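Some notes on the structure that comes next.
There are 2 protein chains.
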Amino acid sequence: MSKCEQCIVREFSSLKALNKDELIKMANCKTSYTIKKGENIFEEGETVNGIYCIKDGICKLSKLSANGKDQIVKLVKSGELLGQRSMISDEVTNLSAVALEDMEVCFIPKKEILGFFNENNQFSMNVMKTICGDLRESDDHMVSMAQKSVKERLAETLLYLEDTFGKNEDGSLYIQLSREELAGMIGTATESCIRLLSEFNKTGLIDITGKKITILDRNKLKRMAE
Amino acid sequence: MSKCEQCIVREFSSLKALNKDELIKMANCKTSYTIKKGENIFEEGETVNGIYCIKDGICKLSKLSANGKDQIVKLVKSGELLGQRSMISDEVTNLSAVALEDMEVCFIPKKEILGFFNENNQFSMNVMKTICGDLRESDDHMVSMAQKSVKERLAETLLYLEDTFGKNEDGSLYIQLSREELAGMIGTATESCIRLLSEFNKTGLIDITGKKITILDRNKLKRMAE
DNA sequence: GTCAATGTATGACAAATATCATATTTTAAA
DNA sequence: TTTAAAATATGATATTTGTCATACATTGAC
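Taken in order, these protein sequences are the chains called E and Z. Residues 1 to 226 in UniProt numbering are what the first sequence spells out, letter by letter. Residues 1 to 226 in UniProt numbering are what the second sequence spells out, letter by letter.
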């Protein structure tokens with residue numbers, strides 16, 4: 001069993017407030033998993049009795065809408081925690097979490113986390129701040145959905161993907177989403193998404209080579225996203 | 001100075017976890033305000049150094065989008081708290097709060113609230129749960145914006161208004177929003193909103209008499225909202 | 001390697017929604 | 001009360017976006 005002390009999740013998440021003793025406690029009760037690309041971590045409607053620490057990989061949080069389309073609400077990457085909201089609310093999850101690449105995650109049972117809440121105020125505050133940050137993002141995201149055109153949202157999303165997940169050595173976006181997934185992020189039909197990507201490609205904003213997307217004109221994209 | 005002990009906000013919000021001593025402390029440091037319809041409680045970009053308790057009235061939380069339209073993110077009513085997110089995040093607010101009716105609010109300084117966080121775990125947990133609930137609502141709202149048509153969202157919103165703010169004796173919606181505000185809630189142009197209201201009126205889903213809107217066929221509206 | 005399945009791409013068209021113009025009604029100020 | 005301003009309503013039209021059809025490309029199982 002590996003220690004939690006040097007874990008990337010500890011370094012970047014609310015867990016950085018935990019002391020040595022607490023980390024040892026956590027290491028003793030955690031369960032480690034490997035999750036293959038495409039597999040679920042949890043599904044909409046499930047009860048999540050703890051928190052997942054993402055050691056490696058990226059996953060999507062999505063919600064199936066009434067018309068059968070999967071809306072991607074958020075992408076989560078290594079160093080972050082998953083499932084906090086449902087665990088704290090004592091509700092079933094409102095979102096499904098699906099791996100976009102092979103992942104390494106650890107599960108910490110609810111009981112343990114609630115113990116930390118009681119003993120360690122800094123940890124509580126960190127979790128609170130994270131959730132407040134999520135809430136702000138979600139509200140801003142909602143306004144984008146309501147007020148921006150599909151083209152603006154696509155421009156915004158491409159920039160977000162580069163800023164958040166970085167580039168390969170050849171300059172292309174590190175994260176590779178299918179067109180359907182990208183459409184699911186911006187909330188549009190797959191065909192509309194493909195059409196706009198083609199347009200961006202033709203007007204020199206981006207380059208599309210096979211599955212790889214490269215942002216060529218950041219400034220113009222930024223202006224387009226407003 | 002009135003005591004906080006019998007206040008409606010204490011009854012319905014996270015504050016119910018506070019004990020007598022804490023309530024007395026709070027009563028001693030609070031500031032009470034009257035806010036007239038149309039006035040701001042705070043504006044997007046301001047620093048909020050505390051929490052507002054809404055004793056009476058309803059306000060809208062909105063965000064000005066790049067195209068100049070005001071998107072209403074949430075309505076908040078008496079018994080609820082306001083400004084928690086920004087206070088906890090230590091960030092300026094991302095939303096403006098404007099009174100939809102005359103309001104009575106109390107302001108509790110941040111220092112006091114942080115003290116309660118340290119001393120009273122149940123209070124911390126309550127605040128956390130509230131924010132988690134807000135996050136869930138916001139995510140769900142975002143998916144509606146992204147996936148539903150304007151008609152579906154209008155149906156959904158009318159039902160929400162009746163469920164949340166109730167009816168007058170004549171059966172009409174208690175809360176009266178202008179067409180522009182209603183359009184701002186569902187994220188559409190004012191004219192589109194007006195047109196759909198007319199359509200709902202003609203097809204017998206609702207009745208419009210002057211400013212008053214009455215829901216006539218809940219079930220059909222529910223089916224329409226999916 | 002072959003082939004089916006899936007993903008990507010594009011055209012044609014339909015539907016939804018925004019925009020602009022203008023009329024009518026309501027509200028509030030003088 | 002009168003009058004200007006604002007809100008509501010509706011038509012005409014343009015634009016955006018979705019849907020359906022189809023073609024082509026890529027992938028993975030056998």
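A virtual CB, placed ideally from N, CA and C, is assigned to each residue, including glycine. Keep in mind it's a predicted model, so treat the numbers as computed, not measured.
- Across the set D140(Z), E181(Z) and F42(Z), the C-alpha of D140(Z) shows the shortest separation from the C-alpha of I72(E).
- At a cut-off of 8 Å between beta-carbon atoms, K220(E) makes no contact with chain Z.
- Counting only the Cα atoms, N121(E) lies some 7 Å from N118(Z).
- Judged by DSSP in its simplified three-state form, D21(E) adopts helix.
- Among the residues of chain Z, those whose CB is under 8 Å from the CB of R136(E) are R85, S89, E91 and N94, following chain order.
- T214(E): member of the beta strand (DSSP E) spanning K212 to I215, first to last residue.
- Looking at the DSSP output, K151(E) bridges to nothing.
- In the structure shown, the three-state DSSP call for A99(E) is strand.
- The beta carbon of E180(Z) is closer than 7 Å to those of T190 in its chain, skipping five residues each way along the sequence.
- Straight-line measurement puts the Cα of E169(E) at about 49 Å from the Cα of I41(Z).
- Contact note: K69(E) reaches chain Z through Q147, using a C-beta cutoff of 8 Å and chain order.
- Only G187 from the UniProt domain "HTH crp-type" (148-219) of chain Z bring a Cβ to less than 7 Å from some Cβ of chain E.
- For the set V98(E), R153(E), N219(E) and P109(E), the Cα lying nearest the Cα of M87(E) is the one of P109(E).
- Residue pairing by DSSP places G50(E) opposite P109(E) in a beta bridge.
- Listed in chain order, the non-local C-beta contacts of T31(E) below 8 Å within the same chain comprise C106 and F107, local neighbours out to five positions each way being set aside.
- Closest in alpha carbon position to G45(Z), among L61(Z), K3(Z), I35(Z) and Y33(Z), is L61(Z).
- One Cα belongs to S192(E), the other to R153(E), and the distance between them is close to 12 Å.
- At a cut-off of 8 Å between C-beta atoms, C7(Z) does not count as an interface residue with respect to chain E.
- No Cβ-Cβ contact shorter than 8 Å links I35(E) with G83(E).
- A Cβ of chain Z is located within less than 8 Å of the beta carbon of N121(E).
- Judged by DSSP in its simplified three-state form, K36(E) adopts coil rather than helix or strand.
- Within chain E, the C-beta atoms nearer than 9 Å to that of S124(Z) come from F117, N121, S124, M125 and M128, in chain order.
- Between the alpha carbons of F165(E) and T47(Z) lies a distance of about 31 Å.
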